[in-house]
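Trainee: Take a look at this one; I'll ask things after.
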Amino acid sequence: MSDTSKPGWITRTAFAAVALSGAYGFLEETTTRTTIAAAVLIGVAAFHLVAAFKLLRQAAPTRTATVAPVVDVGSTVVVAVPTPLVSERATAQTREEAVAEIGRGDWASAKAGLRWFIENATGEQDWPILTEGLRFPSNLAPREIAAEALIKRYGTEGLYECLRYLDSDLEGNAYWHIQSVFEELYLVEGIPIRTMLLEISTAAKYDDQKAHADELLGMHNLSADGQGVLKKTAQ
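With the UniProt record's numbering, letter number 90 in the sequence shown gets 90, and the count goes up by one each step, no holes.
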């Protein structure tokens, strides 16, 4: 069963189109107020387009999740055993179950296991699990969940670890996908990402990521008045 609690990519695209249309209308005027309003709408449109792209990207591996390794049943017949989709699996109830899911090694299992840590990760024992998940090979979905868990459970330290990851040699669109996690947490869930970035920007122990934090602080989607601005829209 699909999750209808959050808008899908079509709805996100529609939101972006409406925002861009409104921005175009404001830009036809030349006052300072309408220019600011247009800039805000363009930022909202950019957020929804990033979210729509993210949903489309996640949909592709979901469609292939039912393809699993073949199993030799002791005859000439080879049976393909389907791997349950993440949405069809029971959520892990304990840390041991979550770790066991991650230990399966495939992206879908890792995603299912890492979800437990969003609400339950604590202390030094769970930190290395999430930092390893942040660097999960070949698929971005577990990395996004690990980033969310690190930020929600460890605050500034978790965000700093995400910045260190983004500062490494990343392939493809990994940087923009993790950055979109920051934006969604800030704009939709009201997580104080900007406050954390300000701490990273000013505290000496985070000095190696100060420039990175300053760059993100200058982004429109992480503006000072943006925290939680899209929370009601997402609900």
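In this text, a Cβ means the ideal position worked out from N, Cα and C, and glycines have one as well.
Note that the structure is a prediction, hence the values are computed from the model and not measured.
1. Could you check which residue in 210, 120, 101, 172 has the C-alpha nearest to that of residue 113?
2. CB-CB under 7 Å to residue 75, same chain, minus the five flanking residues each way: which ones, in chain order?
3. Using the beta-carbon count (16 or more within 10 Å), is residue 169 buried or exposed?
4. Using a 10 Å radius around the Cβ and a threshold of 16 neighbouring Cβ atoms, would you call residue 218 buried or exposed?
5. Taking the C-alpha atoms as reference points, what is the distance between residue 176 and residue 129?
6. Please classify residue 121: does DSSP put it in a helix, a strand, or coil?
7. Just to confirm my understanding: we take residue 62, look at its own chain, exclude 5 residues before and 5 after, and list those with CB closer than 6 Å. What are they?
8. If you follow the alpha helix (DSSP H) that residue 191 is part of, which residue opens it and which one closes it?
9. Pull up the distance between the alpha-carbon of residue 179 and that of residue 214, whole angstroms please.
10. So, for residue 185: in the same chain, excluding its five sequence neighbours on each side, which residues have a beta-carbon less than 8 Å away from its beta-carbon?
11. Taking residue 121 as the reference, which of 39, 199, 182, 158 has the closest Cα?
12. Relative to the alpha-carbon of residue 205, which residue among 116, 20, 161 has its alpha-carbon at the smallest distance?
13. Where do the N-terminal and C-terminal ends of the alpha helix (DSSP H) with residue 204 fall, by residue?
14. Pop quiz: residue 142 and residue 174 are said to be a contact at Cβ under 8 Å. What is the actual Cβ separation, rounded to whole angstroms?
15. Between residue 40 and residue 99, what straight-line distance do the alpha-carbon atoms span, to the nearest angstrom?
16. Could you tell me the distance, in whole angstroms, from the CA atom of residue 124 to the CA atom of residue 36?
17. At the level of alpha carbons, what is the spacing between residue 228 and residue 196?
18. Are the beta-carbon atoms belonging to residue 210 and residue 223 less than 8 Å from one another?
19. Could you say which of 187, 126, 226, 212 lies nearest to residue 199 if we only look at CA atoms?
20. Compare the C-alpha of residue 226 against each of 14, 16, 44 and name the closest.
21. Does DSSP put residue 90 in a helix, a strand or coil?
22. So is residue 230 buried or exposed if we call it buried at 16+ other beta carbons inside 10 Å?
23. In the DSSP assignment, find the alpha helix (DSSP H) that holds residue 95 and state where it starts and stops.
24. May I have a chain-ordered list of the alpha helix (DSSP H) segments no shorter than 4 residues that lie completely inside the stretch 132–167?
25. Can you give the beta carbon distance from residue 49 to residue 14, rounded, assuming they're within the 8 Å contact cut?
Mentor: Taking the geometry as given:
1. For residue 113, the closest C-alpha among the options 210, 120, 101, 172 is that of 101.
2. Its pLDDT being 36, under 50, residue 75 is placed unreliably in this model, and the coordinates cannot settle the point.
3. Burial check for residue 169: the Cβ neighbour count within 10 Å stays below 16, so the residue is exposed.
4. exposed
5. 22 Å
6. coil
7. Model confidence at residue 62 stands at a pLDDT of 38, short of 50, so the residue's coordinates are unreliable; what they give is reported in the following sentence. Excluding residues within five positions, none has a Cβ falling inside 6 Å.
8. Counting along the chain, residue 191 sits inside no alpha helix (DSSP H), nor does DSSP assign it H or E at all.
9. 14 Å
10. Here the set comprises 148, 151, 152, 191, 193.
11. Of the candidates 39, 199, 182, 158, the residue whose Cα lies closest to the Cα of residue 121 is 158.
12. 161
13. If you look at residue 204, you'll find it isn't in any alpha helix (DSSP H); DSSP assigns it neither H nor E.
14. Actually they do not touch by this definition, with Cβ atoms about 12 Å apart.
15. 42 Å
16. 45 Å
17. 15 Å
18. no
19. 212
20. Proximity to residue 226 across 14, 16, 44 peaks at 44, based on C-alpha coordinates.
21. With a pLDDT of 46 at residue 90, under the threshold of 50, the modelled position of that residue is not reliable, and the figure given next carries that caveat. Correct three-state label for residue 90: coil.
22. buried
23. Here the alpha helix (DSSP H) through residue 95 covers 95–103.
24. 140–166
25. Rounded to the nearest angstrom, the Cβ distance from residue 49 to residue 14 is 11 Å, too far for a contact under 8 Å.
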